[in-house]
Structure formats: C-alpha cells, structure tokens
Amino acid sequence: MKGMAAAAPGQEIPALDVLTGLARGGLFESRLQQFVNDPTVRSQTCAVLVLGLDRFRHLNELLGYQAGDAVLRELAARLIAAVPADGLVARLGGDEFVMLVPRAGNEQAAATAAARLLQRTGEPLTVRRREVFLTASIGMALFPGDGLNPRQLLRAAHDAMNRAKLRGGNTFERAHAPVGLRPEQRYELESALRLALRNEELKLRYQPQVDRDGFLRGLEALLSWDPPSLGHVETETFIRLAEETGTIVPIGEWVLQRACRQVAEWRRAGWATPRMAVNVSPLQFATPGFVSMVEQTLKQTGVCGGDIELEVTESTILRDIEESAERMASLRLLGVRIAIDDFGVGYSPLSYLHRLPLDAVKVDRTFIGQITKPSGSLPVVHTITILAHHRGLEVVAEGVETESELELVRAARCDLMQGFLFGPAMDTPGVEHLMRHPEILISACRNPAQLRF
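So the sequence shown is numbered by numbering that gives the first Met the number 0: it starts at 0 and just counts up by one.
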C-alpha cells in the first residue's frame with residue numbers, strides 16, 4: 000500500500016499528490032477508515048504519525064521553492080522506505096506528511112517507528128550542491144486508545160506534532176501525553192502556576208557538578224513547585240504545561256534572575272561561588288528579546304557573564320542553526336557560557352558542533368545509565384568526549400548514580416560529573432554546607448560509599 004503512487008492508470012489519480020506521488024489527506028482518511036472498520040484489526044494497535052518539517056519556510060527562502068520541492072520529493076521517498084510494507088504514507092499539504100503503521104504492537108513499538116522516521120529525516124541530502132540537514136516534529140496517535148475514527152486520530156496526532164514543535168522540534172510526542180489532566184484540572188493548574196509566579200512561590204534547588212577529583216565546579220539550578228492548594232506537582236508536568244501556554248517565558252526569566260541573585264548573594268558573603276547552570280526552554284530561546292533580557296539581568300544583579308552557563312537542547316539549536324549561532328554569539332559577547340543539554344539523544348549529525356560558539360556538552364543520562372552494561376554506551380560516551388575535546392569543549396556527564404558509572408565516566412575522560420551519587424538538587428543551606436566542607440565531595444570521589452545525603 001505505502002504511498003500508493005503505483006495506482007493503476009485512471010484510478011484514484013485525483014487523490015494523489017502531484018509533487019510527491021503520495022496519497023493526499025482525503026485518500027489517507029478513506030483508507031484509514033477502511034482499516035479501523037476491519038474486524039480483524041480492531042483488536043490491534045495501529046499508529047498514526049503526523050510529521051511536519053521544522054523551519055521549512057526558511058529553507059524555501061534560502062534556496063528557492065524548486066529546491067524546496069526537491070527536498071519534499073526526497074523526504075517522501077525516505078518516508079515510504081521507512082514505513083512497513085502494509086503501511087501508508089500521505090502528504091497533508093505543505094511540509095506535513097502522515098503515516099499509518101498497522102499492527103504497531105504497543106506504544107514503545109510506535110515510538111521506535113517515530114524515532115526511525117526522525118533518523119531518516121535527519122540524514123543529510125544535497126540540494127544545488129549544498130548539504131542540507133532537516134529536522135522534523137512528529138505527533139503520534141494510537142488506535143484505539145487515542146481515537147476510534149480517522150478524524151479523531153488525525154486531530155490527536157496533529158495536536159501532538161504541534162507540541163513537539165513547541166518543545167523545539169526534532170522530537171516526537173504522544174497524543175494526550177503532556178499533562179494528562181481533565182480540562183478543569185488543567186485550568187486550575189494553569190491558574191495556580193500564574194499565581195505562583197506572581198507570588199514568588201516557585202523555588203530553585205541546585206545540583207552539584209564536580210570534577211574528576213571531587214571539587215565542586217558548578218551547580219545546575221532546577222525548578223520546583225509545591226502549591227499549598229495542590230500539594231507537590233511533578234516538575235515535568237508543570238513545565239510542559241508552561242511550555243504549552245507560553246508561561247515558560249516569564250518563568251524562565253524568573254529562574255535566571257533568581258539564580259543570578261543567589262550567585263551575587265554568595266559572592267557578597269565571601270564564597271568562591273561555583274558556576275551556575277540555568278536551563279533555557281526552546282520558546283524562551285527563540286524570543287526576540289532574550290539576549291537583551293540576559294544582559295539586563297546580569298547588570299541588575301552585578302553578576303559576571305562567566306558565572307552563568309545557559310543550557311539549551313540540541314533540538315532547540317537545530318530548529319534554525321544559523322539564527323541559533325548568531326544568538327549564541329551575542330550571549331558569548333556578554334561572557335555567558337553555552338552548553339548543549341541532553342547531548343546525543345537527538346537524531347541529528349554531530350557535524351553541526353563546529354558551526355556553533357559552544358563551551359560545553361552535557362552527555363545525556365540515558366547514556367550514563369547504560370555505560371556499565373556489556374554492550375553498553377561506553378564507546379559512545381568516549382567518542383562524544385573525544386569529539387568535544389577536539390573542539391575545546393568541556394564534557395559533563397549527567398545522571399552518575401553508582402561507583403561503577405563514576406569509574407567508567409572518569410575512564411571516558413568526562414570533565415565534570417553530576418548525579419545522585421554526588422547529591423540530589425538541594426536548597427541553599429545544603430549547597431553552603433558543601434562549600435563550607437569541600438572534603439565531603441573530594442572524599443566521595445575516592446570512596447563513594449561514604450557519601451550520604
């Protein structure tokens with residue numbers, strides 16, 4: 000079935016896309032309806048995946064619409080090759096495509112299919128003698144859990160794709176996954192979050208980053224929220240909601256201001272303050288006044304740019320690599336350090352590293368968690384470290400939790416380490432205790448079993 004470009008002469012041709020030869024949305028919907036009506040498959044899980052290219056308009060403006068058409072034709076061929084033989088690929092219009100993956104099995108299998116599509120999309124292609132790298136956002140809806148008819152499934156998958164774009168692109172989202180709240184719960188949480196920001200109810204905690212000898216070199220500022228009326232709210236839940244509603248921008252400004260004020264307070268108290276790392280959301284990074292906001296915050300708090308490290312994900316950067324490079328260069332002029340967070344989990348080539356004004360990469364915790372296994376990720380971590388060091392970048396290992404992981408991370412020559420082995424995110428007094436007693440972390444690196452929090 001796939002793209003159905005091989006339909007017999009005169010059959011269903013109006014339902015095929017002229018540019019790519021794929022089915023159009025109407026034909027896809029019709030075939031999907033036939034599929035879900037089939038009693039032999041109604042008890043099985045199938046996946047509907049909506050894919051939208053990230054920043055495709057920018058490519059059209061840069062290379063021209065003929066080049067853009069060539070890209071779409073090549074992408075269509077890649078999607079057909081990536082979908083099972085009994086699947087279906089269609090073009091919804093513009094840079095959006097939809098795929099049916101029958102008998103997906105379960106959510107994990109569908110997620111694997113989505114990851115495969117991202118990987119195929121991210122493979123380089125040559126257009127007009129220029130190498131082009133694409134990224135995409137994918138929304139995933141499962142039958143019957145996310146909808147019982149084509150309209151419901153397509154709407155759910157499309158909404159999920161929009162959430163993936165909001166996260167910075169180059170990723171996939173499951174339908175209805177973000178918050179999982181009833182509408183009235185969602186409204187209550189959103190209202191409470193806006194009120195918490197106004198009333199300074201949000202809190203920062205700080206997780207240590209240590210070097211290979213155990214010296215405290217950095218802190219990552221992490222946000223927490225315990226609203227009196229709702230009890231503890233998981234960080235992932237309210238951050239995702241803030242991203243969806245746009246509240247993440249003022250929240251991000253508050254986090255940076257509070258972190259800078261804390262650095263300034265420690266400096267006034269005479270502490271040799273470690274560098275402070277602050278996460279930046281995709282939406283905040285793309286805000287036109289972001290660099291000016293950072294500059295104003297540094298001036299207001301009296302903190303030097305070198306005391307602050309901004310962490311952005313690779314998907315945020317690759318959404319528009321040229322614009323990202325310019326913004327990062329402006330931040331570097333302020334003395335601010337730039338680190339790529341969750342490095343290695345995207346589906347993009349590593350060749351973009353040399354094009355960006357970076358200071359550090361943070362190896363994602365999923366690699367560190369697999370590093371001790373026989374066929375684990377040690378070679379991957381070691382390769383990332385070699386590439387980063389060749390570029391003069393610092394390497395931070397996230398999620399170090401065991402002595403074995405510590406030993407192998409050191410062997411891979413990571414520069415800094417972060418994780419529960421050295422302590423969870425802690426409040427200000429906890430950090431001050433570590434600064435007052437540096438021997439705690441130094442001893443922990445020599446004998447991790449002695450460390451207790």
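Even glycine gets a Cβ: it sits at the ideal position worked out from N, Cα and C. As the structure is a computational prediction, the values presented were derived from the model and not from experiment.
Check: ALA46 - containing beta strand (DSSP E), residue span; Outcome: 45-52
Check: Contacts around GLN256, its chain only, beta-carbon distance under 6 Å, and the 5 residues preceding and following it disregarded; Outcome: THR296
Check: Bridge partners - GLU187, DSSP secondary structure assignment; Outcome: Its beta-bridge partners do not exist; DSSP assigns none.
Check: Enclosing alpha helix (DSSP H) for TYR64 [first to last residue]; Outcome: 64-81
Check: Where the beta strand (DSSP E) through ALA411 begins and ends; Outcome: Segment: none, ALA411 is in no beta strand (DSSP E) and carries neither H nor E.
Check: Cβ-Cβ distance between GLU308 and ASP341 below 9 Å; Outcome: no
Check: Inside the segment 283-357 only - beta strand (DSSP E) runs reaching at least 3 residues; Outcome: 307-312, 336-342
Check: Which of helix, strand or coil DSSP assigns to PHE452; Outcome: Bear in mind that the predicted position of PHE452 carries a pLDDT of just 47, short of 50, making it too unreliable to give a figure here.
Check: Nearest residue (CA-CA) to LEU407, options HIS432, LEU433, MET425, VAL380; Outcome: VAL380
Check: Beta strand (DSSP E) segment containing ASP210, residue limits; Outcome: 202-210
Check: Distance between ILE250 and CYS413 (C-alpha atoms, nearest Å); Outcome: 31 Å
Check: Straight-line Cα distance separating ILE238 from ALA195; Outcome: 13 Å
Check: Local Cβ density within 10 Å of LEU18, reported as buried at 16 or more and exposed below that; Outcome: exposed
Check: Residue span of the beta strand (DSSP E) that contains THR125, given as start and end; Outcome: 124-126
Check: Given ARG267 as reference, the closest of VAL279, GLY301, LEU282 once Cα atoms are compared; Outcome: GLY301
Check: Cut-off 8 Å between Cβ atoms - residues of its own chain near GLY258, not counting five sequence neighbours on either side; Outcome: Strictly speaking, residue 258 in this sequence is Ala, with Gly absent from that position. If we look at ALA258 and ignore the five residues flanking it on each side, its Cβ neighbours are LEU203, ALA220, MET275, VAL277, ILE307.
Check: Exposure label - ASP145; buried when at least 16 CB within 10 Å; Outcome: buried
Check: Whether GLU73 touches LEU124 by CB criterion (9 Å); Outcome: yes
Check: Beta-carbon proximity list for VAL131, same chain, < 6 Å, skipping 5 on both sides; Outcome: LEU124
Check: Inter-stretch contact (C-beta, 8 Å, three-pair minimum) for the segment 161-172 and the segment 42-53; Outcome: yes
Check: For ALA159, the nearest candidate out of VAL47, ILE441, GLY121 (CA to CA); Outcome: VAL47
Check: ARG216 - DSSP class collapsed to helix/strand/coil; Outcome: strand
Check: Proximity below 9 Å, CB of LEU420 to CB of PHE214; Outcome: no
Check: Residue from ARG336, LEU392, GLU402, GLU189 with nearest C-alpha to THR236; Outcome: GLU189
Check: Three CB pairs or more closer than 8 Å across the segment 112-127 and the segment 148-162; Outcome: no
Check: Range covered by the beta strand (DSSP E) that runs through LYS361; Outcome: 359-362
Check: The segment 23-30 touching the segment 103-110, judged by at least three CB pairs closer than 8 Å; Outcome: no
Check: Endpoints, the alpha helix (DSSP H) within which ILE383 is located; Outcome: 377-389
Check: Pairwise C-alpha distance: ALA241 and THR234; Outcome: 10 Å
Check: Chain-order list of residues whose beta-carbon lies under 6 Å from that of THR272 (same chain, five-residue window excluded); Outcome: VAL262, TRP265, ARG266
Check: Alpha carbon of GLU199 to alpha carbon of HIS388, nearest angstrom; Outcome: 40 Å
Check: For GLU106, the first and last residue of its enclosing beta strand (DSSP E); Outcome: Where GLU106 is concerned, there is no enclosing beta strand (DSSP E), although the alpha helix (DSSP H) it sits in stretches over 106-121.
Check: Residues of its chain near THR384, where Cβ-Cβ distance is below 7 Å and the 5 sequence neighbours each way are ignored; Outcome: VAL394, ALA411, ARG412, CYS413
Check: First and last residue of the uninterrupted alpha helix (DSSP H) at LEU440; Outcome: 438-445
Check: With 16 other Cβ atoms within 10 Å as the buried cut-off, status of LEU317; Outcome: buried
Check: Contacting residues, own chain, Cβ-Cβ under 7 Å from GLN283 (five flanking each side not counted); Outcome: ILE247, VAL248, GLY251, PHE289
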